Amino acid sequence: MSAYLAAPAFAQDAPPIRILISQSPWLNSFVSLVDQYQKVTGTKFQLNVTPFGGMVDKMRNSVRAQQGSYDIININSQGLAEMYAGGFLRPLKEIDSSFALPEGVLDFGNSANWNAKTNSFDPQGELYGVPTNGNVLVLYYRSDLYKQAGLKVPQTWDELLANAKALHNPPKVYGFISRGTRESILFDFSPFLFSHGGSFFAKPENGDYSVTLNSPHGLRALETFIKLNKEVGAGNAGAMDQAELIQLLSTGKAAQGIAVIAAVADLQDPNKSIVTQTIETALLPAGPDGQRASVAGHWMAGIPKNVPEANQKAALNFLKWFLEKDTQVGYTEAGGIPIRKDLGDTKLAGDPAYRFIKAFSENADVAKMNTPLKEGVRLKEVISLYLNRALIGEIPPKDALNGAATEMNQILTAAGYKLTPPKML
5 MSAYLAAPAF
15 AQDAPPIRIL
25 ISQSPWLNSF
35 VSLVDQYQKV
45 TGTKFQLNVT
55 PFGGMVDKMR
65 NSVRAQQGSY
75 DIININSQGL
85 AEMYAGGFLR
95 PLKEIDSSFA
105 LPEGVLDFGN
115 SANWNAKTNS
125 FDPQGELYGV
135 PTNGNVLVLY
145 YRSDLYKQAG
155 LKVPQTWDEL
165 LANAKALHNP
175 PKVYGFISRG
185 TRESILFDFS
195 PFLFSHGGSF
205 FAKPENGDYS
215 VTLNSPHGLR
225 ALETFIKLNK
235 EVGAGNAGAM
245 DQAELIQLLS
255 TGKAAQGIAV
265 IAAVADLQDP
275 NKSIVTQTIE
285 TALLPAGPDG
295 QRASVAGHWM
305 AGIPKNVPEA
315 NQKAALNFLK
325 WFLEKDTQVG
335 YTEAGGIPIR
345 KDLGDTKLAG
355 DPAYRFIKAF
365 SENADVAKMN
375 TPLKEGVRLK
385 EVISLYLNRA
395 LIGEIPPKDA
405 LNGAATEMNQ
415 ILTAAGYKLT
425 PPKML
């Protein structure tokens, strides 16, 4: 039994742990762990389950109040920089000086730590976050179609395009699909950019947020992204959202595509999918120089400063237990996406239902944050608009990147960042 589950008498004296959590697909798996912890330790919980759209307001109101309403706030990757940079969270080592993320726990692009001097995620910075749900992009492909056509899992984007052309037979089967709406295109484009050697910013880890999106590497990445969607896609790339993408995969109308690992639950559910036995996952392809990358879209738990110390300690004890390997096995069995990369030697390894873990771990290991700063939400809107316009053919890729870079530079300069102006393509 875990050390954190071995002291029920102490836990029963502790205050209830108040948690703000999104009403999302991983909610039930998280609740199952809460129930287990409560049953064994006697610790009480109060969960405030909130639709995704309402999470930010509740979070902001609580951390800015004289006394917070939540002892643990679950923060989506897009909001991490705001919470860290705002000084709203208690550094976890101030609660327990010996605490560190255990070996094997993923940090999703160093996003558990924040360097206040450089305004960036930094493994040497202060530890604020504990990952609670892993979500990264992976490659999904139909193993039956691959076998029939004698294809191998693609190692590069060029190989993926070749495979997609071999399998593209519209409207029966589309060769490749990805999301392209203004709400989602940035997430799906990011691995293309990173794997082609491109970047959004010069050196964010050092605090240099000079915009570099409109580089030759960025242009090649965008051209590859557009080429795949235009030549072997479903014909509506600019309007493809997650629901439609999952539907095409689950009904067998897409030979392959990139999607979040969370989609695996629906794709392996026989009540929702006809490809449960043949849908497989893999590491996203490499760019021209062999570079691999995925993008982080995970959740982190933070402990606010403005709650009593007893609450903070109780919250951290729960999170310590949550991170343990055995706990993560149970979390995965309950339908959650794990936050560890070392579950390959557990009982999950031989179970076909969890065959996605290898691809998840590989992609999570190379996942990066695309807009790792507190102005990230505003920048996402700008970049996404230009990417979508390029995808639907409204403007050339070069103009899209130049336009996005110009507006990004304006936003960050107005916010006080010292930047080198972007060089136009």
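The opening position of the sequence shown corresponds to residue 5 in the working numbering, with each subsequent residue numbered one higher.
Virtual Cβ for every residue (Gly too), placed ideally from N, Cα, C.
If you're wondering where the values come from, they're calculated on a predicted model, not measured in any experiment.
Judging by CA-CA distance, which residue of L389, M428, K422 and A418 is the nearest neighbour of T185?
Your numbering for residue 185 matches position 181 in the sequence shown. Of the candidates L389, M428, K422 and A418, L389 places its Cα closest to the Cα of T185.
For G354 and M87, believed in contact at Cβ under 8 Å, the rounded distance
The residue given as residue 87 occupies position 83 in the sequence shown. The residue given as residue 354 occupies position 350 in the sequence shown. Not a contact, Cβ separation roughly 39 Å.
Contact the segment 273-284 vs the segment 194-202: 3+ CB pairs below 8 Å
no
Rounded C-alpha distance that separates F322 from P426
Locating residue 322 in the sequence shown gives position 318, where the first residue counts as 1. Locating residue 426 in the sequence shown gives position 422, where the first residue counts as 1. Spanning the two alpha carbons is a distance of roughly 45 Å.
Sequence-distant residues of the same chain with beta carbon closer than 8 Å to R393, five excluded per side
Counted from its first residue, the sequence shown places residue 393 at position 389. Closer than 8 Å at the Cβ level, and outside the excluded window around R393, lie I399 and A404.
In whole angstroms, what separates the C-alpha of K231 from that of K345?
Numbered from its first residue, the sequence shown carries residue 231 at position 227. Numbered from its first residue, the sequence shown carries residue 345 at position 341. C-alpha separation (whole angstroms): 33 Å.
Going by beta carbon distance, what residues of the same chain come within less than 6 Å of W161, once the five residues before and after it are set aside?
Along the sequence shown, one-based indexing puts residue 161 at 157. Only T228 and P289 meet the Cβ criterion.
Assuming N233 and S182 are in contact, meaning their beta carbons sit under 8 Å apart, how far apart are those beta carbons, in whole angstroms?
Here residue 233 is taken as the residue at index 229 of the sequence shown, counted from 1. Here residue 182 is taken as the residue at index 178 of the sequence shown, counted from 1. Their Cβ separation, rounded to whole angstroms, is 6 Å, which keeps N233 and S182 in contact under 8 Å.
What ranges does the alpha helix (DSSP H) occupy inside the segment 117-182, keeping only unbroken runs of at least 4 residues that lie completely in it?
147-153 and 161-171
Three-way DSSP call (helix, strand, coil) for P208 in this model
Your numbering for residue 208 matches position 204 in the sequence shown. DSSP places P208 in helix when its eight states are reduced to three.
Check each candidate in Q152, L105, P55 and E248 and name the one with the smallest Cα separation from P135.
As a working note, residue 135 is residue 131 in the sequence shown. Of the listed residues, the one whose Cα sits closest to P135 is L105.
Give me the residue from K43, T45 and L24 with the minimum Cα distance to N80.
Along the sequence shown, read from residue 1 onward, the residue named residue 80 stands at position 76. Closest option to N80, Cα to Cα, is L24.
Report, in whole angstroms, the separation of the C-beta atoms of L149 and L171, which I expect to be a contact under 8 Å.
Here the question's residue 149 lines up with position 145 in the sequence shown. Here the question's residue 171 lines up with position 167 in the sequence shown. Contact holds; Cβ gap of about 5 Å.
Which whole-angstrom value is the C-beta distance of V142 and A286, which I expect to be below 8 Å?
Counting from one through the sequence shown, the residue named residue 142 turns up at place 138. Counting from one through the sequence shown, the residue named residue 286 turns up at place 282. The pair is a contact, with the Cβ atoms about 7 Å apart (cut-off 8 Å).
Measure the C-alpha to C-alpha separation of G129 and M304 and round it to an integer number of angstroms.
Position 125 of the sequence shown, counted from the first residue, corresponds to residue 129. Position 300 of the sequence shown, counted from the first residue, corresponds to residue 304. The straight-line gap from Cα to Cα measures roughly 16 Å.
Within 8 Å, strictly: CB atoms of Q260 and Y144:
By 1-based counting over the sequence shown, the position of residue 260 is 256. By 1-based counting over the sequence shown, the position of residue 144 is 140. It is a contact, given that the beta carbons lie within the stated cut-off.
Quickly, what does DSSP pair L93 with across the bridge? List them, please.
Stepping through the sequence shown from its first residue, residue 93 is reached at position 89. L93 pairs with P308.
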